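Here the structure is laid out as structure tokens; the discussion comes afterwards.
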Amino acid sequence: MKKIKLLTLLPLLVSPFMMTGCSSQTVVGILQPVEHNALGAARQGFEQGLKEGGLTNFKIDYRNAGGNDADLNTLAKNLIDSSALTLGIGTGAAKALQGAEVNAGLTKPLLFTAVTDPVGAGLVKSADNPSGYVCGTTDANPVEAQIALIKEFNASAAKVGIMYTQTEENSKVQSDQAEAAIKAAGMTSDVKTCSNSSDIKATAEALVADKVDAIYVPTDNNIAANMNAVKEAVKGKNVLVVAGEENILAEGGHVTLSIDYFQLGLTTGKMAAQILKGEKKTTDFKVEPVPASDCSYVFSSKNLEDAGLTMPEAMKSAHTWKDASASK
Amino acid sequence: MDVLNIIFNILTSALPCCLLAIGVFLTFRLLNFADMTAEGSFLLGAALTAACIYNGVNAFVATILGMLVGVLCGILTGVLNRVLKIPKLLSGIITLTASASIALLIMGITKPGDLFATQIPLASSLSQGSKIQTIYSTFYPWNEWNRLVEVIVMVAIVAIVIIGIYYFFGTEYGMAIRATGMNEKMARSQGINTTVATITCIAISNGLIALAGALYVQDALSVSTVSATGYLVIGLSSILIGEAIFGKRSFKNWLISVALGAVLYFTIITVAIKLGLKTEFKSLLYAVLITVALCIPLIKQGFKNLFKKKEREDSHVRT
Chain Y
1038 MKKIKLLTLL PLLVSPFMMT GCSSQTVVGI LQPVEHNALG AARQGFEQGL KEGGLTNFKI
1098 DYRNAGGNDA DLNTLAKNLI DSSALTLGIG TGAAKALQGA EVNAGLTKPL LFTAVTDPVG
1158 AGLVKSADNP SGYVCGTTDA NPVEAQIALI KEFNASAAKV GIMYTQTEEN SKVQSDQAEA
1218 AIKAAGMTSD VKTCSNSSDI KATAEALVAD KVDAIYVPTD NNIAANMNAV KEAVKGKNVL
1278 VVAGEENILA EGGHVTLSID YFQLGLTTGK MAAQILKGEK KTTDFKVEPV PASDCSYVFS
1338 SKNLEDAGLT MPEAMKSAHT WKDASASK
Chain U
704 MDVLNIIFNI LTSALPCCLL AIGVFLTFRL LNFADMTAEG SFLLGAALTA ACIYNGVNAF
764 VATILGMLVG VLCGILTGVL NRVLKIPKLL SGIITLTASA SIALLIMGIT KPGDLFATQI
824 PLASSLSQGS KIQTIYSTFY PWNEWNRLVE VIVMVAIVAI VIIGIYYFFG TEYGMAIRAT
884 GMNEKMARSQ GINTTVATIT CIAISNGLIA LAGALYVQDA LSVSTVSATG YLVIGLSSIL
944 IGEAIFGKRS FKNWLISVAL GAVLYFTIIT VAIKLGLKTE FKSLLYAVLI TVALCIPLIK
1004 QGFKNLFKKK EREDSHVRT
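Protein sequences appear in the order of chains Y and U.
Once you know that position 17 of the first sequence is 1054 in my numbering, the rest is easy, because the numbers rise by one and skip nothing.
Once you know that position 256 of the second sequence is 959 in my numbering, the rest is easy, because the numbers rise by one and skip nothing.
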């Protein structure tokens, strides 16, 4: 019986030795925490950016943790060993890679993208001077310009609701910025948080019951994945939903001034190519937010119609709009 | 070096989970108590340890504090169940729910001027000679052998825990707890205070789980409110895999099996990923793994029967 047990374990013990076959290709590791439209677009942009940056003979090792934090760390540890450069998409993934590198005593270049607050997350010391082997691009939204859309839509708007998931650090940062922007625009804000996907609808309904004129939804992963709940809550209530980015508009939400995650990934990919070719170091880059001029105005005609809203002509003609529901 | 690194990676992920598995094992198997507190105490252990270390507390003190917060969680669940007579599953869920808010508060310690925080980043403040050190980094040579040191520290802690648990459950009181789990009415008739015994066992169990969280956070170097999701499943799978493959002939054997189960679990996952398993299929792999582990006793029995039949046939021929 003992022998049988040992035999079952043998392949497991031997298999790590079979994986060591190395090739001369440069391996670029990508870690993504969860399947998500915006994060996926950033990844495709990154891969495109590597090619456009002139990097040849490279292999991409892409890992997705499927929303499981326990896996995120295991995947990160394995990625940093096999890759020449790693990319963390989103705050959680970037921090997992960083933690793994510190513990392993490595200083391989680590790039991040789609991180809203890299300084707060401890990824870089300051945005202007990243220092060390970590750098990347941030997806900080043009929150102020997004809040301005509310006044354009309804000049008499006085109260704006903000909703986000209390466990998402990125959302809290945006919520604070939105609060400041709302105050600066002469309106009052009403912040409500939800704790998971099941109380999103109740949170949105509570905001509607508080008679808000608009609701601001930041790039909150939890709410973004469950926008239908928000859509149901505002139906026929004359409440405009302003989203943090365009992918949120697919399921619910009405207007946004959105950054382009593909573009964000593309910029990061080009940075990676320069680093891997030895032209630049991670310390040569700054962490810069996307300029508002690179953002595009997006609305969802279908969601507006479903909610019983129409966009004023003046607002329609003021910007070049992209219809999120038309692309579907 | 590559192979060594892979082995180190597996062990640094798996060893904290050995403690988690043993913790879950104490309630799930010894006490027959399906304790949902696990993920709550894991998170609180991780959060408190990280918060203390971030504020410059000695890492060993921080780890012990992290463990104690788990003990408190366990006592709470025990009291809810035994004193307030709330069903087992529900009392665990109550503590688990409460822990989400408590974790936000604990992490808030690191953010002056803010009551709550949703994350603690340790990685950036940890370096050679800095004031902030984890229990592993205190011994680091700060080169590629860091991970070996980490593994050694973890193995030492896990070994101490296993030996401690083994001796404790061999004492008279430990036996009383095991008796309570096997047959509560019988235990009570023997003069055992089953209420205290139950609460003690849940407290020890959650203390170990929180210790696992404390070891985990010093390896991951960051903690957020979602850090603990999925760990109860890992603990339960480790128990099932360990029992099925390494057996449960005696208490000592059982305890070691459970710990090895966690190592085996992470080995299988890492090897599968290294061999090119699409990460999207990971959840499916987990399901298959647990099913196979649960079927192993059946397969073993089948083998035994096969051999026995042969023996009988052989002896028949001889006579």
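Backbone N, C-alpha and C define an ideal beta-carbon position, used for all residues, glycine too.
Quick caveat: nothing in here was measured; it's all calculated off a predicted structure.
Closer than 8 Å by beta-carbon distance: list the chain U residues that pair up with residue i, in chain order.
i, result
"Y/Ser1232", "Ala803"
"Y/Asn1115", "Ile709, Asn712, Thr973, Ile976 and Lys977"
"Y/Gly1159", "Pro824, Leu825, Ala826, Ser827, Ser828 and Ser925"
"Y/Asp1118", "Asp705, Asn708, Ile709 and Asn712"
My understanding is that residue i touches residue j, with C-beta atoms under 8 Å, so please give their C-beta distance in whole angstroms.
i, j, result
"Y/Leu1148", "Y/Met1308", "6 Å"
"Y/Tyr1253", "Y/Ala1075", "About 17 Å separates the two Cβ atoms, so there is no contact after all."
"U/Ala915", "U/Leu722", "4 Å"
"Y/Val1324", "Y/Thr1293", "That belief does not hold up - the Cβ atoms of Y/Val1324 and Y/Thr1293 are roughly 23 Å apart, past 8 Å."
"U/Ala913", "U/Val760", "Actually they do not touch by this definition, with Cβ atoms about 16 Å apart."
"U/Pro1000", "U/Ala947", "6 Å"
"U/Ile823", "U/Ser925", "7 Å"
"U/Ala717", "U/Phe969", "4 Å"
"Y/Val1267", "Y/Ile1260", "7 Å"
In terms of residue numbering, what span does the beta strand (DSSP E) encompassing residue i cover?
i, result
"Y/Arg1100", "Phe1095 to Asn1101"
"Y/Ser1226", "Thr1225 to Cys1231"
"Y/Val1171", "Val1171 to Thr1175"
"U/Leu851", "Where U/Leu851 is concerned, there is no enclosing beta strand (DSSP E), although the alpha helix (DSSP H) it sits in stretches over Asn849 to Phe871."
"U/Leu771", "Run containing U/Leu771: none in the beta strand (DSSP E); it sits in the alpha helix (DSSP H), Ala762 to Arg785."
"Y/Tyr1334", "Ser1333 to Phe1336"
"U/Ala915", "Careful: U/Ala915 lies outside any beta strand (DSSP E), inside the alpha helix (DSSP H) at Thr897 to Ala923."
Can the beta-carbon of residue i be found less than 8 Å from the beta-carbon of residue j?
i, j, result
"Y/Thr1230", "Y/Ala1195", "no"
"Y/Met1264", "Y/Glu1288", "yes"
"U/Ile993", "U/Leu943", "yes"
"Y/Lys1123", "Y/Lys1145", "The question names Lys, but residue 1123 of chain Y in the sequence shown is Thr. In contact: Y/Thr1123 and Y/Lys1145 (Cβ atoms closer than 8 Å)."
"Y/Ala1107", "Y/Gln1069", "no"
"U/Asp922", "U/Pro790", "no"
"U/Phe871", "U/Phe954", "no"
"U/Ala820", "Y/Gly1159", "no"
"Y/Ala1113", "Y/Ala1133", "yes"
"Y/Ile1237", "Y/Glu1216", "no"
"Y/Thr1319", "Y/Tyr1201", "no"
"Y/Ser1235", "Y/His1291", "no"
"U/Ser908", "U/Leu729", "yes"
"Y/Ala1251", "Y/Val1276", "yes"
"U/Gly945", "U/Gly933", "no"
"U/Gly748", "U/Ala917", "yes"
"Y/Lys1317", "Y/Gly1091", "no"
Identify the contact partners of residue i in chain U, using a Cβ-Cβ distance below 7 Å as the criterion.
i, result
"Y/Ala1141", "Asn849 and Arg850"
"Y/Leu1076", "Neighbours of Y/Leu1076 on chain U: none; closest Cβ ~14 Å, over 7 Å."
"Y/Gly1345", "Chain U residues near Y/Gly1345: none, gap ~36 Å exceeds 7 Å."
Closer than 8 Å by beta-carbon distance: list the chain Y residues that pair up with residue i, in chain order.
i, result
"U/Glu853", "Asn1140"
"U/Gly933", "Asn1105, Asp1106, Ala1107 and Asp1108"
"U/Thr715", "Lys1114 and Asn1140"
"U/Asp922", "Asn1110, Gly1136 and Asn1140"
In the DSSP assignment, find the unbroken alpha helix (DSSP H) run with residue i in it and report its ends.
i, result
"Y/Ala1361", "Segment: none, Y/Ala1361 is in no alpha helix (DSSP H) and carries neither H nor E."
"U/Leu825", "Here U/Leu825 belongs to no alpha helix (DSSP H), and DSSP marks it neither H nor E."
"Y/Lys1307", "Tyr1298 to Leu1313"
"Y/Gln1135", "Thr1128 to Ala1141"
"Y/Leu1294", "Run containing Y/Leu1294: none in the alpha helix (DSSP H); it sits in the beta strand (DSSP E), Val1292 to Ser1295."
"Y/Gln1211", "Glu1206 to Ala1221"
"U/Leu961", "It should be pointed out that residue 961 of chain U corresponds to Val in this sequence rather than to Leu. Unbroken alpha helix (DSSP H) run through U/Val961: Phe954 to Lys977."
"Y/Val1249", "Taken as a continuous stretch (DSSP letters only), Y/Val1249 belongs to no alpha helix (DSSP H), as it is neither H nor E."
"U/Ser802", "Lys791 to Gly811"
"Y/Thr1150", "Run containing Y/Thr1150: none in the alpha helix (DSSP H); it sits in the beta strand (DSSP E), Leu1147 to Val1152."
"U/Ala753", "Ala741 to Tyr757"
"U/Ile710", "Asp705 to Phe728"
Name the chain U residues that come within less than 9 Å of residue i, Cβ to Cβ?
i, result
"Y/Arg1100", "Ile976 and Thr982"
Could you work out which residues of chain Y lie near residue i, taking near to mean beta carbons separated by less than 9 Å?
i, result
"U/Phe969", "Thr1111"
"U/Trp845", "Gly1142"
"U/Val899", "What U/Val899 touches in chain Y: nothing, since even the nearest Cβ is about 34 Å away."
Under 7 Å from any heavy atom of the ligand NAD, does the C-beta of residue i make it?
i, result
"Y/Ile1187", "This structure simply doesn't include the ligand NAD, nor any ligand for that matter."
Cβ closer than 7 Å: which chain Y residues qualify as neighbours of residue i?
i, result
"U/Thr928", "Thr1204"
"U/Lys985", "Gly1103 and Asp1108"
Query raised in the report: Would the stretch 751-759 of chain U and the stretch 896-908 of chain U be scored as touching if the rule is three or more Cβ pairs under 8 Å?
Result: Contact fails: fewer than three Cβ-Cβ distances are below 8 Å.
Query - Touch test, the stretch 1176-1195 of chain Y against the stretch 834-846 of chain U, Cβ-Cβ under 8 Å, three pairs minimum - result: The stretch 1176-1195 of chain Y vs the stretch 834-846 of chain U: no contact.
Query raised in the report: When the Cβ atoms of the stretch 1354-1365 of chain Y are set against those of the stretch 1203-1210 of chain Y, are three or more pairs found closer than 8 Å?
Result: Taking a contact to require three or more Cβ pairs closer than 8 Å, the stretch 1354-1365 of chain Y and the stretch 1203-1210 of chain Y do not qualify as touching.
Query raised in the report: Taking one C-beta from the stretch 760-768 of chain U and one from the stretch 732-745 of chain U each time, how about it: are there three or more such pairs within less than 8 Å?
Result: Contact between the stretch 760-768 of chain U and the stretch 732-745 of chain U is absent, with fewer than three C-beta pairs closer than 8 Å.
Query raised in the report: Taking one C-beta from the stretch 805-816 of chain U and one from the stretch 877-896 of chain U each time, how about it: are there three or more such pairs within less than 8 Å?
Result: Note that the stretch 805-816 of chain U does not touch the stretch 877-896 of chain U; fewer than 3 beta-carbon pairs, one per stretch, sit closer than 8 Å.
Query raised in the report: Do the stretch 1081-1088 of chain Y and the stretch 1306-1321 of chain Y meet, that is, are 3 or more Cβ pairs less than 8 Å apart?
Result: Yes: at least three Cβ pairs fall under 8 Å.
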